[in-house]
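A.B. asks:
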Amino acid sequence: MNVAHVALISFHTCPLASPGEGKAGGMNVYVRELSRCFSSVGVKVDLYTRCHADHKAAVAQVDENIRVIHLDGGPIDAPLSSYARYLGEFLDNMVGFIDSNSLRYDVVHSHYWLSAWIGQRVSKARNVAHCVTFHTLAQLKVQAKAGESESSMRFEVERESMASADLVVASSPHEREAMVRFYDAPRDRIQVVPCGVDLSLFRPLDIGESRKKLGLNGEKVIIYVGRVEPIKGLDLLLRSTAIMEGREALKVLIVGGNLSQEEEVQKLKDLADELGIASITEFIGIVDQKHLPMYYSAADVCVVPSHYESFGLAALESLACGTPVVATRVGGLPAVVQHGRNGYLMPWRCPEPFANSMEVILYSEGLQRSMSVEARKRAEGMGWENVAQETLQLYDLVCQGVPVPKE
Ligand code: UDP
Numbered sequence: 251m252n253v254a255h256v257a258l259i260s261f262h263t264c265p266l267a268s269p270g271e272g273k274a275g276g277m278n279v280y281v282r283e284l285s286r287c288f289s290s291v292g293v294k295v296d297l298y299t300r301c302h303a304d305h306k307a308a309v310a311q312v313d314e315n316i317r318v319i320h321l322d323g324g325p326i327d328a329p330l331s332s333y334a335r336y337l338g339e340f341l342d343n344m345v346g347f348i349d350s351n352s353l354r355y356d357v358v359h360s361h362y363w364l365s366a367w368i369g370q371r372v373s374k375a376r377n378v379a380h381c382v383t384f385h386t387l388a389q390l391k392v393q394a395k396a397g398e399s400e401s402s403m404r405f406e407v408e409r410e411s412m413a414s415a416d417l418v419v420a421s422s423p424h425e426r427e428a429m430v431r432f433y434d435a436p437r438d439r440i441q442v443v444p445c446g447v448d449l450s451l452f453r454p455l456d457i458g459e460s461r462k463k464l465g466l467n468g469e470k471v472i473i474y475v476g477r478v479e480p481i482k483g484l485d486l487l488l489r490s491t492a493i494m495e496g497r498e499a500l501k502v503l504i505v506g507g508n509l510s511q512e513e514e515v516q517k518l519k520d521l522a523d524e525l526g527i528a529s530i531t532e533f534i535g536i537v538d539q540k541h542l543p544m545y546y547s548a549a550d551v552c553v554v555p556s557h558y559e560s561f562g563l564a565a566l567e568s569l570a571c572g573t574p575v576v577a578t579r580v581g582g583l584p585a586v587v588q589h590g591r592n593g594y595l596m597p598w599r600c601p602e603p604f605a606n607s608m609e610v611i612l613y614s615e616g617l618q619r620s621m622s623v624e625a626r627k628r629a630e631g632m633g634w635e636n637v638a639q640e641t642l643q644l645y646d647l648v649c650q651g652v653p654v655p656k657e
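Structure representation (structure tokens):
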């Protein structure tokens, strides 16, 4: 059997939203890219998400196979922390939409725990296979950063949906182990499918040209790309930069975050000021993905200082552009960053060794060149097409009632 029609649920964030601020990040990219690749092989995709202020049509046709279906799920301006209250409303609307349009899906694939709550019930109500990708897990987030808290409902929903889903897709071996260890999830229903990268978009561009276009002027360039949130640990990047030799000749580019609205951006600007590195630190704000290769290519090193990262798309995108990565050794990052080969993985959140690793890359041209070659090599074979193909194969097995193969 070949899967022909799938429903993806992304309740809390619209797959059409621009990634890089607020709730929109790697998961949006993942859902969008997976859909694009499914569509290119003729699989029809309905993406379900809650109505939001920017949506124009209730049903938006993205291409001949992809629709984004916006359904009511609480007040449009409800804060994320209250979304769980509206899951029931969204569920009723989703089942209503399925029934009134006589839809028959082969698979429902939920993204994030809020969607998993919905997917689990749609699966039961309409007898359709259920797959889940969590993107982040409450248990790991809370363990990774003091001060993070999550509702008991989230822990419970994650546990229940791991137990009941036909398939759980983990982004890295680390995530799978965590599910088994902390949630007693059945190992044989979890399959690791690493995330992907658009290899034709994210490729090495001419460094000189890229720097010129960005108005850079001979400085060594350190880049960060992603949402600006406490869990991303950007303070470590700033503290490390502040103790580096020759920092006057550095430029730190922070790409992502809503510059006028996000509190974390202001906190980091204040910290840069306090550390005396405000003049070399530039907060760029959100950049459309199509321009990101120019940023990655212009940089000598990309830094991913996260407290926790279930996969870390930005790290993979940087590698695909041939830019080495210095990252914390957390979550899925060791699955792409190869210590000493295409970058460095740091086991401690200490500015000194972090700064040292960046310096080694910045100031040894030969090493930087060889790491750059290894970086692109690592990314090759990790295109979204492969992720989609693997996922479709798993859907097929699940639909046939064949147990997911153990690795
Ligand atoms: N991103 C973007 N523009 C920005 C900042 C980030 O398009 O200004 C994208 C980036 O290319 C990546 C995603 O947002 O694909 C961030 O994913 P990642 O896995 O690094 O972090 P997450 O958001 O999942 O925590």
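Heads up: take any position in the sequence shown, counting from 1, add 250, and you land on the working numbering.
Every residue gets a Cβ at the ideal spot worked out from N, C-alpha and C, and that includes glycine.
Nothing here was measured: the structure is a model prediction, and the numbers come from that model.
1. Report yes or no: do the region 439-459 and the region 628-646 share at least 3 C-beta pairs separated by less than 8 angstroms?
2. If you compare alpha carbons, which of A375, N278 and V447 is closest to N636?
3. Along the alpha helix (DSSP H) that carries F432, what are the first and last residues, could you check?
4. For A307, which residues in the same chain have their Cβ closer than 8 angstroms to its Cβ, ignoring the five residues on either side in sequence?
5. Are there any heavy atoms of the ligand UDP lying less than 7 angstroms away from the beta-carbon of E567, as far as the coordinates show?
6. Out of D349, Y280 and H361, which has the shortest C-alpha to C-alpha gap to F261?
7. Is A577 close to the ligand UDP? I mean its beta-carbon at under 7 angstroms from any heavy atom of the ligand.
8. According to the Cβ coordinates, are I536 and V502 closer than 8 angstroms?
9. If we call anything under 8 angstroms between Cβ atoms a contact, is S285 one with I326?
10. Between the Cα of L297 and the Cα atoms of A303, I348 and C445, which residue gives the shortest distance?
11. With DSSP run on the structure shown, which of helix, strand or coil describes K517?
12. Which runs of the beta strand (DSSP E) fall wholly inside the region 378-461 and span at least 3 residues, in chain order?
13. Could you name the residues of the same chain whose beta carbon sits closer than 8 angstroms to that of M596, not counting the 5 residues immediately before and after it, in chain order?
14. Threshold first: 3 residues or longer. Then list the beta strand (DSSP E) segments lying entirely within the region 457-506, N to C.
15. According to DSSP, which residues form a beta bridge with M596?
16. For R477, which of Q441, Q511 and A388 has the nearest alpha-carbon?
17. For L330, which residues in the same chain have their Cβ closer than 7 angstroms to its Cβ, ignoring the five residues on either side in sequence?
18. What I want to know is whether the C-beta of L487 ends up closer than 7 angstroms to one or more non-hydrogen atoms of the ligand UDP.
19. Expressed to the nearest angstrom, what Euclidean distance is found between the alpha-carbon atoms of V683 and G275?
20. If you follow the beta strand (DSSP E) that L297 is part of, which residue opens it and which one closes it?
21. Roughly how many angstroms lie between the CA atoms of P436 and K294, to the nearest whole one?
22. Taking 7 angstroms as the cut-off, is the CB of I473 close to at least one heavy atom of the ligand UDP?
23. Please determine whether the Cβ atom of V279 lies at a distance below 7 angstroms from any heavy atom of the ligand UDP.
24. Given this structure, state the Cα-to-Cα distance separating W598 from L521, to the nearest angstrom.
25. Residues in the same chain with beta-carbon distance under 7 angstroms from L466, minus the five sequence neighbours each way, listed in chain order, please.
26. Using only CA atoms, which one of G369, Y613, P584 and E400 lies nearest to G338?
27. When the Cα atoms are used, what is the spatial distance from Q650 to Y280?
28. What would DSSP say about E559, mapped onto helix, strand or coil?
29. Should V553 be counted as a contact of the ligand UDP given a C-beta to heavy atom distance under 7 angstroms?
30. Considering only the alpha carbon of each residue, which of P265, I493 and V372 lies closest to D304?
31. Is N592 buried or exposed, if buried means 16 or more other CB atoms sit within 10 Å of its CB?
32. Rounded to the nearest angstrom, how far is the Cβ of E425 from that of G582, given a contact under 8 angstroms?
33. Spatial neighbours of E283 within its chain, please: C-beta separation below 6 angstroms, excluding the five flanking residues on both sides.
34. N377: buried (16+ other C-beta within 10 angstroms of its C-beta) or exposed?
35. Beta carbon of F432: closer than 7 angstroms to some heavy atom of the ligand UDP?
C.D. replies: Let me lay it out:
1. Taking one beta carbon from each stretch, the region 439-459 and the region 628-646 have 3 or more pairs nearer than 8 angstroms; the two touch.
2. V447
3. P423 to Y433
4. Annotation for A307: H320 place their beta carbon closer than 8 angstroms to its own, counting only its chain and skipping 5 residues before and after.
5. yes
6. H361
7. no
8. no
9. no
10. I348
11. helix
12. 379-383, 417-420 and 440-442
13. V576, A577, T578, R579, P603, F604 and S607
14. Entirely contained in the region 457-506, the beta strand (DSSP E) runs reaching 3 residues are, in chain order, 470-475 and 500-505.
15. T578
16. Sorting Q441, Q511 and A388 by C-alpha distance to the C-alpha of R477 places Q511 at the top.
17. If we look at L330 and ignore the five residues flanking it on each side, its Cβ neighbours are H262 and K273.
18. no
19. Any answer about residue 683 is impossible in this case: the structure gives the chain only from 251 up to 657.
20. K294 to R300
21. Here the alpha carbon of P436 sits roughly 30 angstroms from the alpha carbon of K294.
22. No.
23. yes
24. 21 angstroms
25. K501 and A548
26. G369
27. Using only the alpha carbons, I get a separation of about 25 angstroms.
28. coil
29. no
30. Minimum Cα distance to D304 is reached at P265.
31. buried
32. 6 angstroms
33. W634
34. exposed
35. no
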